[in-house]
Amino acid sequence: MSNEHGNYLTNPKGIWSWLTTVDHKRIGLMYLLFVAISFALGGIFAMLLRLELFFPGQQFFTAKEYNQLFTLHGAVMVFLFIIPSIPATLGNFFLPIMIGAKDVAFPKLNLASLYIYVFGAIFCLASIFLGAVDTGWTFYTPYSTTTDTSVVTMTMGAFILGFSSILTGVNFIVTIHKMRTKGMGWFRMPLFVWSLYATAVIQVLATPVLGITLFLLILETTVGVGIFDPVLGGDPVLFQHFFWFYSHPAVYIMILPAMGIMSELVTTFCKRNIFGYRFVAYSSIAIAIIAFLVWGHHLFVSGQSDYAAMIFSLLTFLVGIPSGIKVFNWMATMYQGSIELKTPFLYFLSFIFLFSIGGFTGIMLASLSLDVYFHDTYFVVAHFHYVMMGGTVIAFLGGLHYWWPKMFGKMYSEFWARIACLFIFVGFNMVFFTQFLLGAKGMPRRYYNYLDQFQPLHAFSTVGTWVLGAGFFIMLFYMLHSLFRGQRAPQNPWGGLTLEWQTSTPPSVHNFDETPIVTGGPYDYGKEDAHV
Amino acid sequence: MSSSTEFVKHEVAHHFVDAEQEFDSAKLGMWTFLVQELLFFSALFVAYAIFRFLYPEMFFEAHKHLSWVMGGINTLFLITSSFTMVMAVRCAQTNQNRLTIINLILTLIFACMFLVIKYFEYSEKFHHGLLPPALFTGEGVAPQLPIFFGLYFAMTGLHGLHVLIGIGLILWLIFRSVRREFHADYYTPLEMVGLYWHFVDLVWIFLFPLFYLIG
Amino acid sequence: MSQQGQHSHFIVPVKYYLRTFIALLFLTVLTVVIAQFNFGALNLPIAMLVALVKASLVLMIFMGMRWEKGFTFVLFISSILFFGIFIALIFADIDTRKQTDPLEAKPFGLVSPVRPISSGNGASEHH
Ligand SMILES: [Cu+2]
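Residue numbers (numbering that gives the first Met the number 0), protein chains in the order written: chain A, 0 to 531; chain B, 0 to 214; chain C, 0 to 126.
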């Protein structure tokens, strides 16, 4: 094929051309590499934690080491893996292609985001060797200002990573506004683009507040600001307000792009137009806005006033509406579709199942009386992982399998991919459904030790992590096999209609040989020659 | 008016259709970035509001340690520098390169004056030990006094850092103007730094009454 | 020639800039003068009002928001709105921190069963 010389992977060649590239596709792939390494690292921490918990009493780690491990697991997974996971990898790669652009609006800034990310990651990892942080990934004051661990290094890292995230958000907003090709109206954009837009809005509006919060925390531990210090008349709960003003919306930075991927998967593998395009698009925006109104649900038992707690509880219930709209619309899209149970669609089904559980338990935790009981138990841990791992990670894997052929021009083994999906689904439920039960029985989170009566459930949960780990190990194996020995992928293996499937595989350096002109919606299945 | 042929011609980046799209993108990007900046400062203003609400007398007493004359002069400096900045952009739009450079240099001078005065203010605070809590050695009327100075240094310090970055950017603009890179067809960096500089001014417009003029 | 570049952009007349500049100088003096008088509880709102007018002048004229496209305006306003949400919901907490629902305090007589380990001197001394 003629474009074999011209695709973005091989042209130009050499490691230096990768390190200095401004091509969004290459930057996306480099992000993918770093994000995958972070995920493996955070995963290893998680496995170690679960190993410690196999039996009650001290097994491998002291209480302090255990605290450091769960802090590192949280911080690495949140700041290094899950926030950049979908937007910076798949988003970076496919956003410009999906709107028919040659690149993002600011390619150099995009590369700068990557390097800022690496720079921040170095700080986070350095903190491990400078006395790993033991505060939990939330860095609550006053403990974080009094512990002797390297809180400053870790928060500096998170501060820097925040700027990487902000700059990606700025880039995406401008790209979506200004770089759409001819005919690509707002309501002809694929829903993944809509979700990235909503994500970018949150990244730009919320992340700076995290930045300033961590900046204040660093000041507080060094020269002091006093606003978090009760001795001086400050208020430690204020830190929680500031922290969650970012970190609740951050949860939607994580889940919104995942929802976007779901919309792509359901249309392609059911060969049907999405049910209620505008509702799905607007619900992304609605989630982004409501995200800013609900942070106080993390403070129900931390001394926040009763009235504020009631307001936040009520507002939190509202999140259920747009999330519900999305789930119902995906279900309705499947109705009478010609469903193909390919691996990406298996991940879609897993997502629906797991995210629904995560969402419903979220409603339980949003109700005041229940939260007083469930707060800081394994119930919260399970809920959080059902949304973040059962939601975002599963969607990320679904998206990765969906776009893998396009990104690398190689197919993977469908058989092993399904096996791995099964392992991950079963293993995940073994680990975390158990934790709902543990939480309901009163097992508090963040303890290395527990009462004997919890042992069987804890052991079961730990065995689950082995199944889960095996799933990822299989995935690593067949993905590597695909890269080196995989069959060449056709241009459009799944019969998708969005623009990325209309260009060559892998895409050429400037994405399209001719600038595409769009004449219809993104999912006009059933209409002949609908697109381009 | 001089003809634009003697200026350095600007190449539109490959991924844009035309110069208009490039300019619009840059501008929207800058505005988005400023929105980010606004929320970056917002948490500090929220903290200020909370503690002023909790300890109004302490704030009233504390503000007597600050000189409204110095704050006021600094306000005038920043406003004037904003004016010269906007004139620099306008002169580039009308191809008056010399005037662009002069206005940029004036902006630079006022920005530096701002920092000089800030330096005197800070050193006076250091002298009296009116510092953030961990370093505080001053004599206070209220036990929460260190919080005021914690906030004061956090907010004006961060603002001062923005001024410092602005000075770097203006120097870069002067350098490029001298090379005749800005003219009616291309003045994007001028416009962007201008927006940034006005934003820095904007923040100070609020900081001044909040710290120096507590009635 | 104008086709190729930014020639077509609206160039703001100098008088706008000059008048804005003078107005800003005047308002700065005004706010300092006002601060010398005591209006009691109105001190802060008056100072903020003047600052708001000054900020809008800078925003509208110097930053050119007046001649901007609609979306930039929406963007900026929404960021201020989020700032408003931030401060409003935090004050929903701070302002009502000490209030407990009367129902909770009286008829049920709820008393926390939790006691500090060492009652007496322990709690206040170490931190
Ligand atoms: Cu939340």
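For each residue, glycine too, the CB sits at the ideal point set by N, CA and C.
Note that the coordinates shown come from a computational prediction; the quantities given were computed from them, not determined experimentally.
| Asked | Found |
| --- | --- |
| Length of the line joining the Cα atoms of Lys-341 (chain A) and Val-34 (chain A) | 25 Å |
| His-6 (chain C) - DSSP class collapsed to helix/strand/coil | Caution is warranted here: a pLDDT of 47 is assigned to His-6 (chain C), below 50, making its placement in the model unreliable, and the coordinate value is therefore given only provisionally. If DSSP states are grouped into helix, strand and coil, His-6 (chain C) belongs with the helices. |
| Residue span of the alpha helix (DSSP H) that contains Thr-433 (chain A), given as start and end | 413-439 |
| Any non-hydrogen atom of ligand 1 within 8 Å of Trp-30 (chain B) CB | no |
| Cβ-heavy atom distance, Ser-312 (chain A) to ligand 1, below 8 Å | no |
| Neighbour flag for Asn-2 (chain A) against chain C, beta carbons, 9 Å | Note on Asn-2 (chain A): pLDDT 46, under 50, position unreliable in the model; the coordinate value appears next. No, Asn-2 (chain A) does not count as interfacial toward chain C. |
| Entirely enclosed alpha helix (DSSP H) segments - the stretch 329-411 of chain A, minimum 4 residues | 342-365, 367-373, 377-386, 393-407 |
| Residues in the stretch 177-209 of chain A having any Cβ partner in chain B nearer than 7 Å | Lys-177, Val-203, Leu-204, Pro-207, Val-208 |
| Contact set, ligand 1 heavy atom to C-beta under 7 Å | A:Trp-243, A:His-247, A:Val-250, A:Val-293, A:Trp-294, A:His-296, A:His-297 |
| Residue range of the alpha helix (DSSP H) that includes Phe-218 (chain B) | Since the first residue shown for chain B is 0 and the last is 214, residue 218 (chain B) is missing from the structure and cannot be characterised. |
| Close beta carbons around Leu-264 (chain A), own chain, < 7 Å, minus the five adjacent residues each side | Pro-343, Phe-344, Phe-347, Gly-397, Tyr-401 |
| When C:Ile-89, C:Met-64, C:Leu-88 are compared against Leu-215 (chain B), the one with the closest alpha-carbon | The displayed coordinates of chain B run from 0 to 214. Any statement about residue 215 (chain B) would go beyond what the structure contains. |
| Option nearest Phe-148 (chain B) by Cα separation, candidates B:Met-191, B:Arg-175, B:Phe-58, B:Thr-99 | B:Phe-58 |
| Cβ pair Leu-103 (chain B), Ser-176 (chain B) closer than 9 Å | yes |
| Proximal residues of chain A, C-beta to C-beta of Thr-95 (chain C) below 7 Å | Ser-304, Tyr-306, Ala-307 |
| Closest residue to Pro-208 (chain B) among C:Thr-30, C:Leu-17, C:Pro-12 (Cα-Cα distance) | C:Thr-30 |
| Pick from B:Gly-193, B:Ile-164, B:Met-86 that is closest to Tyr-15 (chain C), judged by C-alpha positions | B:Met-86 |
| Under 8 Å (Cβ pairs) to chain B, residues found in the stretch 79-92 of chain C | Ile-79, Phe-81, Phe-82, Phe-85, Ile-86, Ile-89, Phe-90 |
| Residue-level contact to chain B via CB, Val-110 (chain C), 9 Å cutoff | no |
| Neighbour-count burial assignment, Ser-24 (chain B), 16 or more Cβ in a 10 Å radius | buried |
| Euclidean distance between Cα positions of Ser-80 (chain B) and Leu-157 (chain B) | 19 Å |
| Sequence-distant residues of its chain with Cβ nearer than 7 Å to Asn-510 (chain A) (five each side left out) | Pro-95, Ile-96, Lys-101, Thr-502 |
| CA nearest to the CA of Thr-504 (chain A), picked from A:Tyr-116, A:Leu-496, A:Ser-282, A:Pro-492 | A:Pro-492 |
| Start and end residues, alpha helix (DSSP H) containing Tyr-7 (chain A) | Note, Tyr-7 (chain A): premise wrong, no alpha helix (DSSP H); not H, not E. |
| Positions along the stretch 83-103 of chain B whose CB lies within less than 7 Å of some CB in chain D | Looking for chain D here will not work: the only protein chains present are A, B and C. |
| Pick from A:His-176, A:Asn-428, A:Ala-104 that is closest to Asp-22 (chain A), judged by C-alpha positions | A:Ala-104 |
| Straight-line gap, Gly-156 (chain A) to Ser-337 (chain A) (C-alpha atoms, nearest Å) | 47 Å |
| 9 Å Cβ cutoff, Gly-295 (chain A) in contact with chain C | yes |
| Among A:Ala-381, A:Phe-424, A:Met-410, nearest to Ala-550 (chain A) - alpha-carbon criterion | Residue 550 (chain A) cannot be examined here, being either before or after the span of chain A that is shown, 0 to 531. |
| Own chain, CB closer than 7 Å to Phe-22 (chain B), minus 5 neighbours either side, in chain order | Thr-187 |
| 7 Å Cβ shell around Leu-52 (chain A) - same chain, five flanking residues per side excluded | His-457, Thr-461 |
| Residue environment, Val-110 (chain C), which counts as buried when at least 16 other CB atoms sit within 10 Å | exposed |
| For Pro-505 (chain A), the first and last residue of its enclosing alpha helix (DSSP H) | Run containing Pro-505 (chain A): none; DSSP gives neither H nor E here. |
| C-alpha gap between Gly-223 (chain A) and His-64 (chain B), whole angstroms | 19 Å |
| One or two residues paired with Pro-443 (chain A) in a DSSP bridge | A:Thr-376 |
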